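In the working numbering, the protein residues as written are 2 to 252.
Data first, discussion second: the structure below is written as structure tokens.
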């Protein structure tokens, strides 16, 4: 039984390595197609990599670029937004998103917010969840090291170590709060991108109700709730309404 488990583990590792090697090879090929201007073939390979379960910020970013080159603004933004989960704070990615927004039909403006709210969002978006988790772990070990040193020294240098330890604890707690907030938002808040050229937003989850307004491809919306095949959405300016699920894809 032990030998079978051992062989199974080796086989699974081999399969995983083989798939990873294939994904890397496909990524290189897709990049070559992109550089040659064969964007449709590049898209096909990038999508294939993702469908095989290999996600990365670079794949989503390049896929977004390829869709942008073909004029598919909706899917370009969808993949840029997905890339943000891995490359949050990346300058090139954020610049591309801002450039793409200029091409959108819906130029929705966010209402004024309090400075603290804007500042907190800025802090949250400096790094992605994985990076914040690494920072939390590193600060935790640094805190433990200074705590051990503080406990070791009886008198000499203890006052200075105490100050450093307090700073380390405060930084760790602050980063832990940010990390926890990002995880909470990731788990509870869902956003989507409109993929249809023109979408009518209704007052209720039915086409027999009042038509409130129209939105267009590439617009980012917050998904509030679901009813059958309808989704209640909210725009950044506070407008809400219902659209059919087929018109958007969750980020």
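The C-beta atom is built at its ideal place from N, Cα and C for all residues, glycine as well.
Treat the numbers as computed from the prediction; the structure is a model and nothing was measured.
Rounded to a whole number of angstroms, what is the C-alpha to C-alpha distance between residue i and residue j?
i, j, result
"residue 203", "residue 99", "28 Å"
"residue 191", "residue 252", "7 Å"
"residue 216", "residue 35", "31 Å"
"residue 50", "residue 27", "7 Å"
"residue 166", "residue 133", "20 Å"
"residue 56", "residue 102", "24 Å"
"residue 86", "residue 110", "23 Å"
"residue 136", "residue 170", "13 Å"
"residue 117", "residue 91", "23 Å"
"residue 232", "residue 222", "11 Å"
Span of the beta strand (DSSP E) holding residue i?
i, result
"residue 234", "231 to 235"
"residue 242", "241 to 245"
"residue 228", "221 to 228"
Taking C-alpha atoms, which residue in the options lies nearest to residue i?
i, options, result
"residue 243", "219, 210, 218", "210"
"residue 235", "194, 198, 199", "194"
"residue 198", "92, 247, 43, 47", "247"
"residue 241", "24, 230, 224", "224"
With respect to the alpha helix (DSSP H) encompassing residue i, which residues constitute its N-terminal and C-terminal limits?
i, result
"residue 192", "Not the alpha helix (DSSP H): residue 192 falls in the beta strand (DSSP E), residues 191 to 195."
"residue 135", "130 to 153"
Leaving out the 5 sequence neighbours to the left and right, which residues in its chain are closer than 7 Å to residue i when beta-carbon positions are compared?
i, result
"residue 150", "162"
"residue 183", "125, 130, 133"
"residue 205", "243"
"residue 107", "216, 217, 220"
In the DSSP assignment, what residue or residues form a beta bridge with residue i?
i, result
"residue 114", "Its beta-bridge partners do not exist; DSSP assigns none."
"residue 216", "200"
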